[in-house]
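Asker:
Number of protein chains: 2
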Amino acid sequence: MTAAFIPDYSHPDRNRRVLLTGRPVGIPQPEHFALDECDLEPVGEGQFRVRNIYLSVDPAQRGWSNEAANYSAAVPLGSVMRALAVGVIVETRNEEFAVGQYVYGWFGWQDYAVVGPDALMTRIGEVAAPLSAYAGVLGMNGLTAYLALTKVGRPVEGNTVLVTTAAGAVGSLAGQLAKQAGCRVVGLTGDDEKVARCTGRFGFDAAANYKSGDLDDIVAALVPDGTDVYYDNVGGPILDTVIRTMNVGGRIVQCGTASIANWIPVPSGLRNEREVLMRRLQWGGFVIFDHMADFPAALEYLAPLVADGTLVHDEDIATGFDGAPGAIARLYAGENVGKSLIFVG
Amino acid sequence: MTAAFIPDYSHPDRNRRVLLTGRPVGIPQPEHFALDECDLEPVGEGQFRVRNIYLSVDPAQRGWSNEAANYSAAVPLGSVMRALAVGVIVETRNEEFAVGQYVYGWFGWQDYAVVGPDALMTRIGEVAAPLSAYAGVLGMNGLTAYLALTKVGRPVEGNTVLVTTAAGAVGSLAGQLAKQAGCRVVGLTGDDEKVARCTGRFGFDAAANYKSGDLDDIVAALVPDGTDVYYDNVGGPILDTVIRTMNVGGRIVQCGTASIANWIPVPSGLRNEREVLMRRLQWGGFVIFDHMADFPAALEYLAPLVADGTLVHDEDIATGFDGAPGAIARLYAGENVGKSLIFVG
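Protein chains in written order, with this note's numbering: chain G, 1 to 345; chain W, 1001 to 1345.
See the structure below:
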C-alpha cells in the first residue's frame, strides 16, 4: 500500500478553517459553522506545525458543539471546530518531532494546526496503510472498536454479539473483531443496502434493517439464543429492545447514543434497571480517551489485520472544506458509507 | 451468645403451612395466601426433615409470587410459599446430615420441610450467634451486602458510597461494610426515624429521608463530591437522580428495584444510557444465588464482625403463621425495622 499523494506544504501562508459560530441543540447543522481564513500563527518553543491531510468527521462532534456538559468541554463559539485529523509536520521547534513526521491528533477542522505533543493521539511510524486509515481503522474507530469490545464486551468463543450501527465505521470493525474472537455476530443497521454490506463485505452472520418491521420481532429473529454481548452505539428504543434479549451475565458496551438527537430535556424510555438486575448484566460506558495507554498494544494487534486485508473497512472521503459544515448532520442521517473523512491535502 | 430456645420436635405429626393461592400483580397481599395444615410427608432416601424455626420474609418473594418470568420460576398456585428459613434437622435418611444439625435453606413457609442437600444455602457449624442471625446478617442479607459490594461495587478507600433502603436489612450492612473499607458512606431511606438509625446505630456519615423535599437537592446535599459507588436496592426515580451524581468510573450495584411496585407494563423513566457512557459507569446486576461458591469465604469474613459487635444489625421478628400472609406487603410498606423474620419454633 502507498501513502496518499502529499503536495508540497513547505511554504504555507494562509490557514483556512471551519469555525463553530452557532450553538446547536442536538445535531449541528451547516448554519452553525462558518468558513474563515487567517494568517498562520507562530510556532512556539516545543511546538510544531501540522499540515492537515485528512480531517475526521465523528459522531462525538455533536456533543463537543453542544452547550451541555460532555466528557469534553464544549467548543467555544468562534473557534475552530474540534476534530481529529491526520497530518504531517511541516515546521518544528521540538527536536523529538521532525518535519515529515506523520501524526494523528487534535488538529481541528483547518489547514494548519500549531500544537505540542499533548495534542497527539498516535505518532504514525512506518506508514503501512493509506494515510486515511490512520484516521479510521487505525485511528479512533479501530481503537474504539477493539478496546471497547475487549475491555467492556469481553466476548468469549461461541457468544452471540449484537452490534448497532453495524455498517458504520466503528460497528463494522467491532463485528469483525468479534468474529475474530470466535463469536456469532449479528448487526442492526438502518437500510437494506447496509444490511447487505454487513453480511457480505463485513462477514456478519446475520443483520437486519431495524426500520423494516416490528423491532421486537426483528431483534428476536437475529438472536434466537439471546444476546451475550451488546455493542451499542445508538441507545434509545433499540437498546430497550435488545436489553430484553440479553442472556444472564451479558455485557453491554455503551459506546454511543446516536439514536437520541437531543438530550435536553432528557427523554424517557423503558426502565431498564430490572433487566440489569435479573439478567445480571454488566453495562459499561466506554470513552476511548480514557485508554490512550493501551493504544500501542491495540495497534500492534490491529495493524497486521489491516495490512493483510482481514479487517475490511470503508472510507467516505469528501474533498475540501465546503462540505464540512454539513458533514456531522450527514453522519447522523446515515448518508455516509464507512468512516467519514474530509481530504484537505 | 446463646442459641434460641429450641423445643422438642422429635415427634411431629402435622405440618402447618402458608400456601400461595392467588397470583398477585406486583406486591402480594394477604388475600393471595391461605393457611393450611396437612400430614407430614415421608422422608426419602438421601433426604432429611427440617423443623423450621425462623422463616425469612424477603423482597424477592414478590417476584417469586408473580407470574412474570423472574430469575427463579414462579411459585405454583396452591403450593407452599417459597422462602428461606433456619431450622434444625429432626429426621434424616442422609448419613452426612445428623439430627440436631442446624441448617439454612429453601424450606418454605411451613413447619416442616422434607428436602435434600441441594435445598441448603448454608450448613450452620458452630452456632456463634443467635439462630435468627443465620437468616439475616449471616444469611442472605449479610452475604448479599458483602458479595455485591465487593464484587460489583468494588469500593476503594476514600470513595463515596451511597446506599438506598439504607436502614434496611441489606442496606444497613452494605453501609457498614463500606465504612470498614474506608469509604464515606451516605444513605437514603424513607422516614426520619430511619435516618437517625443510619447515622446513629449504623454509623453512616450522613443520611436523608428521600421524601423530605426535592430529590435532586436531597441527593446533591448528601454527595457534594459525587458518588463513586451506588448500592441500589430501589431503582426508579431515585436511581435516575443518583446516576446523575456519579463520578467518572463509578459503579452501580443493582441489588433490587423495590421502588417499582409493578413491572407490567414496564414503567418509563429517564433515559440513563448517556450517563453510563459519559460517566463511564459500570452498572452491574447482583443476584446472590449466583455466588454460592463464595459463601464460606464471605462468612469467614462476616462472622467475626458479627460476633464482636462491629456489624450491628436489627431483626423484626413476628411470631406464628398468622402474620405471614401480610408480611411481604408490610416489608414493601417499610414498616419493618431490620430483617423481617417469623418465629415458628
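Glycine is no exception: its CB is placed at the ideal position from the N, C-alpha and C atoms.
If we ignore side chains and look at the alpha-carbon of each, how far apart do G/Val41 and G/Ile124 end up?
Answerer: This sequence places Glu at residue 41 of chain G; Val is not what is there. Near 25 Å, if we compare the C-alpha coordinates of G/Ile124 and G/Glu41.
Asker: Within the same chain, show all residues whose beta-carbon is closer than 6 Å to that of G/Gly26, passing over the 5 residues directly before and after it, in chain order.
Answerer: For G/Gly26, where only same-chain residues beyond five positions count, the Cβ hits under 6 Å are Ala261 and Asn262.
Asker: For G/Gln254, name the three-state secondary structure that DSSP assigns.
Answerer: Residue state, collapsed to three classes: strand.
Asker: Looking at C-alpha atoms only, which residue of G/Met81, G/Val234, G/Gly87 and G/Lys179 is the closest neighbour of W/Glu1273?
Answerer: Comparing Cα positions, the closest option is G/Val234.
Asker: Counting Cβ pairs, one atom from each stretch, are 3 or more of them under 8 Å apart for the region 1215–1234 of chain W and the region 1126–1137 of chain W?
Answerer: The region 1215–1234 of chain W, when compared against the region 1126–1137 of chain W, does not touch it at the 8 Å Cβ threshold.
Asker: For W/Phe992, write down the residues that DSSP places opposite it in a beta bridge.
Answerer: As shown, chain W starts at 1001 and ends at 1345. That puts residue 992 of chain W outside it, with no answer to give.
Asker: Taking the beta carbon of G/Val88 as the centre, do at least 16 other beta carbons fall within 10 Å, making it buried, or is it exposed?
Answerer: With 16 or more other Cβ atoms within 10 Å, it is buried.
Asker: Quick one: complete alpha helix (DSSP H) runs, 4+ long, within the region 256–340 of chain G?
Answerer: Segments of the alpha helix (DSSP H) lying fully in the region 256–340 of chain G: 273–278, 295–307 and 324–332.
Asker: In the DSSP assignment, find the alpha helix (DSSP H) that holds G/Val242 and state where it starts and stops.
Answerer: Element bounds for G/Val242: Gly236 to Ile243.
Asker: Would W/Ser1340 and W/Ser1056 be called neighbours here (beta carbons separated by less than 9 Å)?
Answerer: Yes. Within cutoff.
Asker: Would you tell me roughly how many angstroms separate the C-alpha atoms of G/Gln282 and W/Phe1289, rounded to the nearest one?
Answerer: Taking the straight line joining both Cα atoms gives about 17 Å.
Asker: Can you tell me which of the three DSSP states G/Arg14 falls into?
Answerer: Strand, per DSSP.
Asker: Any residues in the region 1202–1226 of chain W with a beta carbon nearer than 7 Å to a beta carbon of chain G? Which ones, in chain order?
Answerer: Of all residues in the region 1202–1226 of chain W, none has a Cβ within less than 7 Å of some Cβ in chain G.
Asker: Give me, in chain order, the residues of the same chain whose beta-carbon lies closer than 7 Å to that of G/Ala3; leave out the 5 immediate sequence neighbours on both sides.
Answerer: At G/Ala3 the pLDDT is 43, less than 50, meaning the model places this residue with poor confidence; the figure from the coordinates comes in the next sentence. For G/Ala3, where only same-chain residues beyond five positions count, the Cβ hits under 7 Å are Val127, Pro130 and Leu131.
Asker: For a contact meaning CB atoms closer than 9 Å, what does W/Glu1067 contact in chain G?
Answerer: Within 9 Å Cβ-Cβ: nothing; W/Glu1067 doesn't reach chain G, min ~15 Å.
Asker: Report the rounded CA-to-CA distance for G/Asp314 versus G/Arg16, giving the unit in angstroms.
Answerer: The straight-line gap from Cα to Cα measures roughly 27 Å.
Asker: Since G/Met81 is in the beta strand (DSSP E), which residue starts that stretch and which ends it?
Answerer: G/Met81 -> no beta strand (DSSP E), and no H or E assigned at all.
Asker: Bridge partners for W/Gly1105 per DSSP, in chain order?
Answerer: According to DSSP, W/Gly1105 bridges with W/Ala1085 and W/Leu1120.
Asker: In its own chain, which residues sit with a C-beta less than 6 Å from the C-beta of W/Phe1005, not counting the 5 before and 5 after it?
Answerer: Note that W/Phe1005 scores 43 on pLDDT, short of 50, meaning its location in the model is unreliable and no value can be drawn from it.
Asker: With 9 Å as the threshold, decide whether the Cβ of G/Trp64 is near any Cβ in chain W.
Answerer: False, the Cβ-Cβ gap to chain W never drops below 9 Å.
Asker: Less than 9 Å between the C-beta atoms of W/Gly1116 and W/Asn1094, yes or no?
Answerer: A contact, by the Cβ cut-off of 9 Å.
Asker: If you reduce the DSSP assignment to three classes, tell me which class G/Leu138 lands in.
Answerer: Coil at G/Leu138, not helix or strand.
Asker: W/Gln1362 versus chain G: which residues are under 9 Å apart at the beta carbon?
Answerer: Because chain W in this structure spans residues 1001 to 1345, residue 1362 of chain W falls outside the shown range and cannot be described.
Asker: Where G/Pro7 and G/Ala333 are concerned, what is the direct C-alpha to C-alpha distance, given to the nearest angstrom?
Answerer: Only weak support is given to the placement of G/Pro7: the predicted model assigns it a pLDDT of 49, under 50, and the value that follows is read from those uncertain coordinates. If I take the Cα positions, the gap works out to 33 Å.
Asker: According to DSSP, is W/Cys1183 helix, strand or coil?
Answerer: Three-state DSSP puts W/Cys1183 in coil, outside helix and strand.
Asker: Can you check whether the C-beta of W/Asp1290 is within less than 9 Å of a C-beta belonging to chain G?
Answerer: Chain G contact via Cβ: present.
Asker: So is G/Ala163 in contact with chain W if we call contact Cβ pairs under 9 Å?
Answerer: Looking at the sequence itself, residue 163 of chain G is Val, so the reference to Ala does not match. It does not: the Cβ of G/Val163 has no partner Cβ on chain W nearer than 9 Å.
Asker: Look up W/Val1219 in the DSSP assignment and say whether it is helix, strand or coil.
Answerer: In the structure shown, W/Val1219 sits in a helix (DSSP, three-state: H, G or I).
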